[in-house]
Amino acid sequence: MNISDSERIAAVFESMNIKPASAITEADFIIMNMCSVRQTAVDRVYGQNNLLRRLKRQNKGLKTILTGCILDKDRFKMAQIFDYILDKKDLENWTNILTLKKSKKTGKDYLEIEPIYESKIQAFVPISNGCDNYCTYCAVPYTRGSLTCRNHKSILKEIEKLVKNGYKEIWLLGENVNSYTSPKNKEVDFVSLIKEINKIEGDFWVRFTSPHPRYFSDELIEILAGSDTFTPYLNLPVQSGDNSILRKMNRPYTREAYKKLVLKLRKVFKNKRIGMDQILGISTDVIVGFPTETEAQFKNTAKLMKEVGFDMAFISQYSPRPQSFCFKNTKDDILKIDKRKRDKTLNEILKITALKNNQQFLNKIIPVLVSDRKGDYYFGRTRQNKPVRFRFDKEGLIGQFVNLKIKKVSAWSLEGEFVKPKLVVIAGPTASGKTDLAIQLAKNFNGEIVSADSRLIYKGMDIGTSKPSASPTLRKAGIYCVDGIKHHLIDVLEPNQKYNVALFKEQAIKAINEIIKKGKTPFLVGGTGLYIKAIVDNLDFPKIKPNKKLRQELEKKNIDELFKIYQKLDPMGAEKIDKNNKRRLTRAIEVCKTTGQPFWQERKMQEPIYEVLQLGLRPNQKELEIRITKRVNKMIKAGLEKEVKNLLKKYSFNLGPMQTIGYQEWKDYLNEKASKIQVKEKIIQNTISYAKRQMTWFKKQSQIIWVKTQVQAISKIKQFLTK
Ligand code: SF4
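In this note's numbering, the protein residues as written are 59 to 781.
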């Protein structure tokens with residue numbers, strides 16, 4: 059029984075308008091979720107007898123329910139303690155059994171019931187239930203039955219919804235997750251499910267438990283290692299390091315095969331991932347004192363523990379589980395004292411290997427998901443699922459991914475210092491070669507690119523904006539990938555959809571954080587200076603709604619008239635604003651008139667979010683003019699005229715994006731007031747003027763380090779990322 063069971067039970071009770079009680083003494087229903095895997099868990103339920111009797115004396119209407127994994131031999135005794143023993147598989151029927159009225163539908167099948175999640179950060183998504191492996195010590199195949207899997211579409215839907223609602227960590231649950239096959243489509247196995255989950259966009263990571271070592275195909279290993287969504291953490295139950303005991307346990311692998319699997323997993327993760335993500339955290343489950351386990355056989359387990367070097371191990375002393383094969387057929391012949399001794403020996407080994415593994419994190423910067431705060435400390439987990447804590451005096455980090463520099467390690471946890479995540483900016487005027495450079499740099503530093511360009515965001519405006527050419531298949535799937543490098547904020551909106559610097563900032567931060575969470579380097583690349591500044595200086599933008607009437611009035615003015623109006627309202631701002639940007643001038647006037655404040659003062663710099671390295675490209679004027687001329691010629695040849703005509707089928711030249719360079723110039727041509735050559739010349743001239751204005755802006759940004767070559771850029775980034 060796990061947390062996702064409790065969440066589904068809570069959902070069914072909520073459907074009956076029954077809410078959680080503030081204290082057990084206030085409750086009208088008490089539900090216990092039992093686990094029979096270990097005797098201690100069963101004993102704990104028996105131990106509640108007196109408490110339940112007392113509560114029933116105090117509240118005559120109290121109903122007590124037991125559910126979960128209950129062995130036949132415990133049922134009779136439990137029936138003396140609880141009013142009802144109910145199967146979670148019949149959850150939908152509980153309302154009838156308890157003669158309660160439902161107020162809303164919860165679903166048909168247990169796995170399909172939408173749970174009430176206990177956490178707002180972490181969610182457990184069951185993908186299967188039960189098991190057909192019949193390990194001889196285990197009662198699961200008898201208590202939970204054969205493996206039943208959940209429809210893959212419903213799993214994906216639940217995950218998508220969770221991600222949309224801001225969940226950051228998703229656990230796929232099942233007794234034997236890697237035997238998964240969708241009941242709706244037998245071709246969707248665990249590998250395909252992982253591939254589908256990989257396609258879900260968002261700022262989250264995924265883990266799963268528990269897989270069986272027998273079902274780790276090479277394909278699964280490759281897929282897992284190649285997926286940033288899946289964290290480098292695996293729970294890989296070994297149970298014993300002795301081949302003869304493994305056979306008696308009905309575990310169909312040898313110690314050699316297990317070791318080989320671990321080696322392969324570590325190797326593939328090392329090859330396919332970068333930075334600290336190359337380190338695969340491995341935990342395991344081990345049973346000591348299995349019937350007939352000799353000292354020599356136990357030593358094989360101890361040896362394997364040393365050789366593998368686990369990060370964590372859940373060690374249990376064997377106890378016969380009723381209904382299991384061993385319970386019926388073998389004698390629990392290992393003395394308790396020996397089991398305890400063996401348990402202690404393995405724990406000592408684990409303490410050494412876990413500490414050694416954790417030392418690799420010392421002084422390294424790693425992403426951490428923050429889940430709690432107690433006193434001065436925040437607590438969270440690393441991608442390898444290691445607990446970590448850090449001091450930070452600001453509120454609001456719970457549920458966030460943060461970067462920590464690890465300063466202290468022990469065998470069981472890490473301690474770090476909060477550090478700002480790093481961001482590399484590549485800025486420069488149009489046609490300066492920044493896109494090509496950024497792609498090469500992203501390849502060198504395992505990066506992804508976030509576009510800081512106010513026009514590349516629009517769909518259908520490809521040629522006139524010189525959009526870098528992306529893989530068509532991935533583009534169809536909504537992923538913009540150029541030369542193997544993923545680009546964000548390209549091809550996202552229709553040209554008539556609202557977009558401004560405040561929206562850009564929100565979306566760019568989301569994309570940058572998503573890249574950082576994957577352990578990759580974010581590159582912010584573009585020529586829209588204000589967009590870059592919005593991120594670098596964490597500018598705060600006034601939330602002022604557009605004034606339709608005022609905009610209609612301003613629409614009639616030409617660019618010089620607009621500038622004069624703005625100059626009067628905000629003389630300081632007028633010195634900094636792009637005088638030729640009609641949209642920006644209109645907005646500036648709108649803000650000044652609405653707030654009565656200068657527009658420029660409204661954009662306050664706040665505490666920066668990122669530690670930034672800004673690199674700039676500035677080819678000399680002549681070189682730039684040659685490049686621009688070549689680029690415009692190429693655009694015309696590639697069919698810019700057709701692109702403009704296609705856009706005009708849906709939009710007019712009055713639409714904001716249609717008023718930009720490469721598009722507005724065609725108006726005269728289409729009205730037969732200019733020739734095609736004149737259009738081309740005009741685009742070239744307008745682009746050159748725009749590039750000059752861009753350079754004027756960038757030259758004022760004192761933090762930019764100007765580079766001439768890729769080698770120089772690589773050296774600067776190396777220094778920045780390793781300091
Ligand atoms: Fe039990 Fe796990 Fe073995 Fe299945 S694979 S029988 S759940 S121990």
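Every residue, glycine too, gets a C-beta built ideally from N, C-alpha and C.
Query: heavy atom of the ligand SF4 below 7 Å from G207 C-beta; Result: The displayed chain sequence assigns Cys, not Gly, to residue 207. No; taking the cut-off as 7 Å, the Cβ of C207 has no heavy atom of the ligand SF4 nearer than that.
Query: In DSSP terms, what Y142 is bridged to; Result: I123
Query: Among K219, N209, K253 and I82, the one whose alpha carbon lies nearest that of N243; Result: N209
Query: Closest by C-alpha distance to I43, when choosing among L338, L481 and D390; Result: Coverage of the chain is limited to positions 59 through 781, which leaves residue 43 absent and any answer about it impossible.
Query: heavy atom of the ligand SF4 below 7 Å from V344 C-beta; Result: no
Query: Beta-bridge partners of L205, as assigned by DSSP; Result: The partner list for L205 (beta bridge, DSSP) is empty, contrary to what the question assumes.
Query: Check: E453 C-beta below 7 Å from any heavy atom of the ligand SF4; Result: no
Query: Opposing strand residues paired with E475 [DSSP bridges]; Result: R449 and K463
Query: N-terminal and C-terminal residue of the alpha helix (DSSP H) that H270 is part of; Result: No alpha helix (DSSP H) contains H270, which DSSP labels as neither H nor E.
Query: Closest residue to E475 among T767, A500 and K422 (Cα-Cα distance); Result: K422
Query: Short Cβ contact (8 Å threshold) for G232 with Y238; Result: yes
Query: Any beta strand (DSSP E) of 3 or more consecutive residues that is wholly inside the stretch 480–516; Result: 480–485 and 505–509
Query: Nearest to Y557 (by Cα), restricted to the options G522, L582, I515 and L588; Result: I515
Query: Status (buried if at least 16 other CB within 10 Å, exposed otherwise) for I144; Result: Per the sequence presented here, residue 144 reads as Leu, with Ile not at that position. Looking at its Cβ environment, which holds 16 or more other Cβ atoms inside 10 Å, L144 is buried.
Query: Any non-hydrogen atom of the ligand SF4 closer than 7 Å to P425 Cβ; Result: no
Query: Delimiting residues of the beta strand (DSSP E) encompassing M92; Result: F87 to M92
Query: Status (buried if at least 16 other CB within 10 Å, exposed otherwise) for Y805; Result: What the structure shows of the chain is the stretch from 59 to 781, and residue 805 is not part of that stretch, so it cannot be assessed.
Query: Straight-line gap, S268 to E669 (C-alpha atoms, nearest Å); Result: 38 Å
Query: Boundaries (first-last residue) of the beta strand (DSSP E) holding I407; Result: Segment K394 to Q417 is the alpha helix (DSSP H) holding I407; no beta strand (DSSP E) there.
Query: Distance cut-off 7 Å: Y376 Cβ against heavy atoms of the ligand SF4; Result: no
Query: Identity of the residues DSSP links to M663 by a beta bridge; Result: L597
Query: Delimiting residues of the alpha helix (DSSP H) encompassing R305; Result: N301 to K306
Query: Minimum C-alpha distance to K317 - residue among T745, A696 and K364; Result: K364
Query: Distance, E259 Cα to Q381 Cα; Result: 44 Å
Query: Cβ-heavy atom distance, Y192 to the ligand SF4, below 7 Å; Result: yes
Query: Neighbourhood of F383 by C-beta, 6 Å cutoff - its chain only, sequence neighbours within 5 removed; Result: T194
Query: Coarse secondary structure for W263, derived from DSSP in three states; Result: strand
Query: Delimiting residues of the beta strand (DSSP E) encompassing K544; Result: I543 to H546
Query: Minimum C-alpha distance to S94 - residue among K626, E648 and R102; Result: R102
Query: Nonlocal neighbours in the same chain, by C-beta distance under 7 Å from V559, ignoring five residues either side; Result: L588, Y589, A592 and F599
Query: C-beta atoms of G505 and L675 nearer than 8 Å; Result: no
Query: Alpha-carbon to alpha-carbon, K330 and I213; Result: 27 Å
Query: From G522, A485, K402 and T440, residue whose alpha carbon lies closest to that of L671; Result: A485
Query: Any non-hydrogen atom of the ligand FAD within 7 Å of N234 CB; Result: With respect to the ligand FAD, the structure offers nothing, as its ligand set consists of the ligand SF4.
Query: For E669, the residue or residues it bridges with in DSSP; Result: K480
Query: Bridge partners - D391, DSSP secondary structure assignment; Result: The partner list for D391 (beta bridge, DSSP) is empty, contrary to what the question assumes.
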